[in-house]
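> Right, I'll just put the structure down here and ask away after.
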Amino acid sequence: MIRIHYVDPDGNTTTLNVPDGQNLMQAAVQNGIDGIVGECGGSLVCATCHCYVDPTRLSELNPPTEEELELLEEVAAQRKDNSRLSCQIKASAALDNLSITTPETQY
Amino acid sequence: MENHIVIVGAGQAGLQAAETLRAEKYSGLITLLGDEPHPPYHRPPLSKDALKEKHFDSLTMRGPNVFERRKITMRTGCRVSAIHPNRQTVELENGESLSYSGLLLATGASPRLFPGQEPNAKTIHVLRSRGHSEAVAERLSLCQARQEPVVVIGGGFIGLEVAAVAREMGLEVTVLEAGNQLMGRVATPVLAKTFQQRHESRGVRIALNARVTHLSEADDRATIELADGQRLTAGLVVVAIGVAPNDTLAQEAGIVCNNGIVVDTYGRTSAPHVFAAGDCAARSNGNGHFLRLESIQNAIEQGKAAARSILGQSRPFHDTPYFWSDQFDMKLQIAGVAHAVTTSVVRGNTCDAAFSIYNYADERLVSVDTLNAPKEHIMARKMLSQEVWPTPEQAGDPEFDLAALMES
Numbered sequence: 221m222i223r224i225h226y227v228d229p230d231g232n233t234t235t236l237n238v239p240d241g242q243n244l245m246q247a248a249v250q251n252g253i254d255g256i257v258g259e260c261g262g263s264l265v266c267a268t269c270h271c272y273v274d275p276t277r278l279s280e281l282n283p284p285t286e287e288e289l290e291l292l293e294e295v296a297a298q299r300k301d302n303s304r305l306s307c308q309i310k311a312s313a314a315l316d317n318l319s320i321t322t323p324e325t326q327y
Numbered sequence: 003m004e005n006h007i008v009i010v011g012a013g014q015a016g017l018q019a020a021e022t023l024r025a026e027k028y029s030g031l032i033t034l035l036g037d038e039p040h041p042p043y044h045r046p047p048l049s050k051d052a053l054k055e056k057h058f059d060s061l062t063m064r065g066p067n068v069f070e071r072r073k074i075t076m077r078t079g080c081r082v083s084a085i086h087p088n089r090q091t092v093e094l095e096n097g098e099s100l101s102y103s104g105l106l107l108a109t110g111a112s113p114r115l116f117p118g119q120e121p122n123a124k125t126i127h128v129l130r131s132r133g134h135s136e137a138v139a140e141r142l143s144l145c146q147a148r149q150e151p152v153v154v155i156g157g158g159f160i161g162l163e164v165a166a167v168a169r170e171m172g173l174e175v176t177v178l179e180a181g182n183q184l185m186g187r188v189a190t191p192v193l194a195k196t197f198q199q200r201h202e203s204r205g206v207r208i209a210l211n212a213r214v215t216h217l218s219e220a221d222d223r224a225t226i227e228l229a230d231g232q233r234l235t236a237g238l239v240v241v242a243i244g245v246a247p248n249d250t251l252a253q254e255a256g257i258v259c260n261n262g263i264v265v266d267t268y269g270r271t272s273a274p275h276v277f278a279a280g281d282c283a284a285r286s287n288g289n290g291h292f293l294r295l296e297s298i299q300n301a302i303e304q305g306k307a308a309a310r311s312i313l314g315q316s317r318p319f320h321d322t323p324y325f326w327s328d329q330f331d332m333k334l335q336i337a338g339v340a341h342a343v344t345t346s347v348v349r350g351n352t353c354d355a356a357f358s359i360y361n362y363a364d365e366r367l368v369s370v371d372t373l374n375a376p377k378e379h380i381m382a383r384k385m386l387s388q389e390v391w392p393t394p395e396q397a398g399d400p401e402f403d404l405a406a407l408m409e410s
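Given below as structure tokens:
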């Protein structure tokens with residue numbers, strides 16, 4: 221299990237134990253993390269699983285695909301350098317203790 | 003009586019409504035009744051990745067602890083046999099009766115069967131539920147092992163998605179479409195042609211105007227007979243000829259139905275305290291037309307709207323409908339509904355990996371099809387909801403800056 225910390229915009233943290241290989245959107249919605257919607261179920265269509273990744277660990281993630289980059293341009297909340305779609309981040313041992321912050325809005 | 007909202011149907015719309023009720027601070031009881039053995043799950047991957055990856059458990063939308071925490075009673079494997087709007091009760095197949103203060107019908111739709119299709123056949127399947135997808139996935143693997151061909155009846159989204167997966171698995175695939183183009187309900191002819199060419203270039207056989215006259219199964223093989231005398235055999239037949247709304251409970255209770263349970267823009271049916279949302283609901287637009295959509299976006303939007311109506315808040319739904327389909331390396335996305343289209347303008351080149359088509363009803367933009375252009379798709383949704391759009395000439399000019407138009 222990989223520990224992922226989901227931080228809401230007010231700074232409240234929920235820590236989930238995510239199975240290796242599960243993406244961070246699935247883990248969030250299955251556990252009822254409110255700030256992640258994931259309307260399309262991870263099909264790279266909706267851009268409603270936007271999150272901000274701990275900037276100090278951004279380089280440990282696989283870089284976003286072109287498709288993800290296109291969708292990131294259209295997220296509802298502010299797009300930042302550390303913006304990612306959580307459906308495209310798969311839990312792995314290397315990401316243990318990663319913090320991601322949910323945005324103010326997904327719509 | 004304590005407030006008790008009963009939701010029949012634990013799909014996307016039913017789940018959304020239950021969670022919206024809690025988000026809106028409703029504190030009474032909520033019972034979510036699902037007739038499948040599984041709690042709510044993501045349906046779109048069932049005809050796509052899940053057929054290959056078989057990661058069915060990961061499609062579950064909420065863990066059991068979430069229902070508990072949100073005080074939603076989730077009952078799986080639970081069928082409703084009747085609803086009684088005048089007594090405000092729901093009758094379950096096991097004889098139990100539940101009283102409600104508000105009832106939401108989110109019963110979804112059922113795949114149409116080919117006339118005479120045996121529902122328990124081993125080689126002939128429909129594809130809608132997780133159970134169906136598991137059966138199709140298993141059969142695809144068997145076809146792969148035995149080198150047996152696959153036949154898909156129906157060239158819509160589901161049929162073409164299955165065909166693409168089967169072809170990617172190296173199987174021989176034939177798509178039999180009764181109409182004169184693929185995706186006839188949603189695609190303009192130019193888009194349909196492009197998809198046909200791309201499927202064919204990857205080895206999918208496509209027959210248009212193909213009329214299947216008989217389907218049968220013997221010795222673990224299916225036989226398909228066509229009106230022109232052809233006879234095909236296959237290790238798997240997927241029947242993907244559309245769905246019918248599940249409106250029988252409503253009809254039997256005397257609720258007005260018209261290819262779905264008729265609702266107004268607030269999700270209200272013709273019976274007091276009874277609401278409907280999602281694939282089963284046909285929304286009246288007030289001038290004699292009804293729109294019944296089959297999409298995630300519609301299920302979510304109507305689920306939210308119905309939940310708020312149940313609580314007495316009246317907020318009509320407003321979102322732009324959208325749809326998508328993944329076939330080979332093609333991501334097709336449609337914003338809006340192509341109704342009464344008079345002009346279709348291609349932006350880009352249909353030979354390229356990515357292009358889009360702007361569909362107008364007279365001067366009004368009604369829908370935009372994008373292929374492998376997710377950003378433009380989201381822009382198109384904004385165009386339609388904000389009623390700001392390019393003229394057909396601007397849309398067709400690849401130099402014209404759409405983003406600037408939206409910002410102006």
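Line by line, the protein sequences give chains D and L.
For the record, in the first sequence the residue sitting at position 74 is 294 according to the numbering used here, with numbers rising by one throughout.
For the record, in the second sequence the residue sitting at position 229 is 231 according to the numbering used here, with numbers rising by one throughout.
Heads up, the beta-carbon is just placed ideally off N, CA and C, and yes, glycines get one too.
Starting from the beta carbon of residue 259 of chain D, find every residue of chain L whose beta carbon is closer than 8 Å, and list them in chain order.
In the first sequence, counting from the first residue as 1, residue 259 of chain D sits at position 39. Chain L residues near residue 259 of chain D: 298, 299 and 302.
> In the DSSP assignment, what are the bridge partners of residue 405 of chain L?
Numbered from its first residue, the second sequence carries residue 405 of chain L at position 403. Answer by DSSP bridge pairing: none, since residue 405 of chain L is not bridged.
> Would you mind listing the alpha helix (DSSP H) stretches within the stretch 3-48 of chain L that are 4+ residues and don't spill past its ends, in chain order?
Correct list: 14-25.
> Within the stretch 195-273 of chain L, note down every full alpha helix (DSSP H) run reaching 4 residues or more, in order along the chain.
With a minimum length of 4 residues, the continuous alpha helix (DSSP H) runs that stay inside the stretch 195-273 of chain L are 250-254.
> Can you tell me whether residue 175 of chain L is helix, strand or coil according to DSSP?
As a working mapping, residue 175 of chain L is identified with position 173 in the second sequence. Correct three-state label for residue 175 of chain L: strand.
> In terms of alpha-carbon separation, which member of L:252, L:196 and L:370 lies closest to residue 398 of chain L?
Start at 1 with the first residue of the second sequence, and residue 398 of chain L comes out as number 396. Of the candidates L:252, L:196 and L:370, the one whose C-alpha sits nearest the C-alpha of residue 398 of chain L is L:370.
> Anything in the stretch 244-275 of chain D with a Cβ closer than 7 Å to a Cβ of chain L? List those residues in chain order, please.
Those residues of the stretch 244-275 of chain D that come within reach of chain L (Cβ to Cβ, closer than 7 Å) are 246, 249, 250, 251, 252, 259, 260, 261, 263, 264, 265 and 267.
> Examine chain L for any beta-carbon lying closer than 8 Å to the beta-carbon of residue 305 of chain D, and answer yes or no.
As a first step, residue 305 of chain D is located in the first sequence; it is residue number 85 there, counting from the start. So no, residue 305 of chain D is outside the interface.
> Counting only Cβ pairs nearer than 8 Å, list the residues of chain D close to residue 328 of chain L.
Numbered from its first residue, the second sequence carries residue 328 of chain L at position 326. The contacting residues are 263.
> Since I believe residue 317 of chain D is in contact with residue 223 of chain D (beta carbons under 8 Å), could you give me their beta-carbon distance rounded to a whole number of angstroms?
Mapped onto the first sequence, residue 223 of chain D falls at position 3. Mapped onto the first sequence, residue 317 of chain D falls at position 97. Right, their Cβ atoms sit about 5 Å apart.
> Residues of chain D with a CB under 9 Å from the CB of residue 72 of chain L: which are they?
As a first step, residue 72 of chain L must be located in the second sequence, where it is residue number 70. Residues of chain D passing the Cβ test: 252.
> Using CA atoms only, rank isn't needed, just tell me which of L:357, L:109, L:318 and L:122 is closest to residue 333 of chain L.
Numbered from its first residue, the second sequence carries residue 333 of chain L at position 331. Checked all of L:357, L:109, L:318 and L:122; the closest Cα to residue 333 of chain L is L:357.
> Could you check where the beta strand (DSSP E) with residue 113 of chain L kicks off and where it finishes?
Here residue 113 of chain L is taken as the residue at index 111 of the second sequence, counted from 1. Counting along the chain, the beta strand (DSSP E) containing residue 113 of chain L begins and ends at 111-113.
> Within the same chain, show all residues whose beta-carbon is closer than 7 Å to that of residue 277 of chain D, passing over the 5 residues directly before and after it, in chain order.
Taking the first residue of the first sequence as 1, we reach residue 277 of chain D at position 57. Result list for residue 277 of chain D: 318, in chain order.
> Near residue 183 of chain L, which residues of its chain fall below 6 Å by C-beta distance, leaving aside the five closest residues on each side in sequence?
Here the question's residue 183 of chain L lines up with position 181 in the second sequence. Around residue 183 of chain L: 191 and 194.
> Answer yes or no: does any C-beta atom of chain L fall closer than 8 Å to that of residue 326 of chain D?
Taking the first residue of the first sequence as 1, we reach residue 326 of chain D at position 106. Answer no: the Cβ-Cβ gap between residue 326 of chain D and chain L never drops below 8 Å.
> With H, G and I counted as helix, E and B as strand and the rest as coil, what does DSSP make of residue 375 of chain L?
Position 373 of the second sequence, counted from the first residue, corresponds to residue 375 of chain L. Here residue 375 of chain L sits in coil by DSSP.
> For residue 242 of chain D and chain L, any beta-carbon pair shorter than 8 Å?
Counting from one through the first sequence, the residue named residue 242 of chain D turns up at place 22. Chain L contact via Cβ: present.
> State yes or no: is the C-beta of residue 128 of chain L within less than 8 Å of the C-beta of residue 241 of chain L?
As a working note, residue 128 of chain L is residue 126 in the second sequence. As a working note, residue 241 of chain L is residue 239 in the second sequence. In contact: residue 128 of chain L and residue 241 of chain L (Cβ atoms closer than 8 Å).
> Could you give the first and the last residue of the continuous alpha helix (DSSP H) run that contains residue 146 of chain L?
Position 144 of the second sequence, counting from 1, holds the residue named residue 146 of chain L. Run containing residue 146 of chain L: 132-148, per the alpha helix (DSSP H) assignment.
> Using three-state DSSP, classify residue 370 of chain L as helix, strand or coil.
Here residue 370 of chain L is taken as the residue at index 368 of the second sequence, counted from 1. Three-state result, residue 370 of chain L: strand.
> Write down every uninterrupted run of the beta strand (DSSP E) in the stretch 251-324 of chain D whose length is 3 residues or greater and which is fully enclosed by it, in chain order.
Listed in chain order, the complete beta strand (DSSP E) runs (minimum 3 residues) inside the stretch 251-324 of chain D are 270-273, 303-305 and 318-321.
> Measure the Cβ-Cβ separation of residue 279 of chain L and residue 106 of chain L and say whether it is below 8 Å.
Sequence index remark: in the second sequence, residue 279 of chain L carries index 277 (1-based). Sequence index remark: in the second sequence, residue 106 of chain L carries index 104 (1-based). A contact, by the Cβ cut-off of 8 Å.
> Quick one: Cα of residue 258 of chain D to Cα of residue 233 of chain L, how far?
As a working mapping, residue 258 of chain D is identified with position 38 in the first sequence. As a working mapping, residue 233 of chain L is identified with position 231 in the second sequence. Residue 258 of chain D and residue 233 of chain L: Cα-Cα distance of roughly 44 Å.
> Who are the neighbours of residue 328 of chain D on chain L, taking C-beta pairs under 8 Å?
With chain D covering 221 to 327 only, the question about residue 328 of chain D has no answer from this structure.
> Shortest alpha-carbon distance to residue 303 of chain L belongs to which of L:218, L:53, L:324 and L:87?
For the purposes of this step, residue 303 of chain L is taken as the residue at position 301 of the second sequence. The shortest Cα separation from residue 303 of chain L among L:218, L:53, L:324 and L:87 belongs to L:324.
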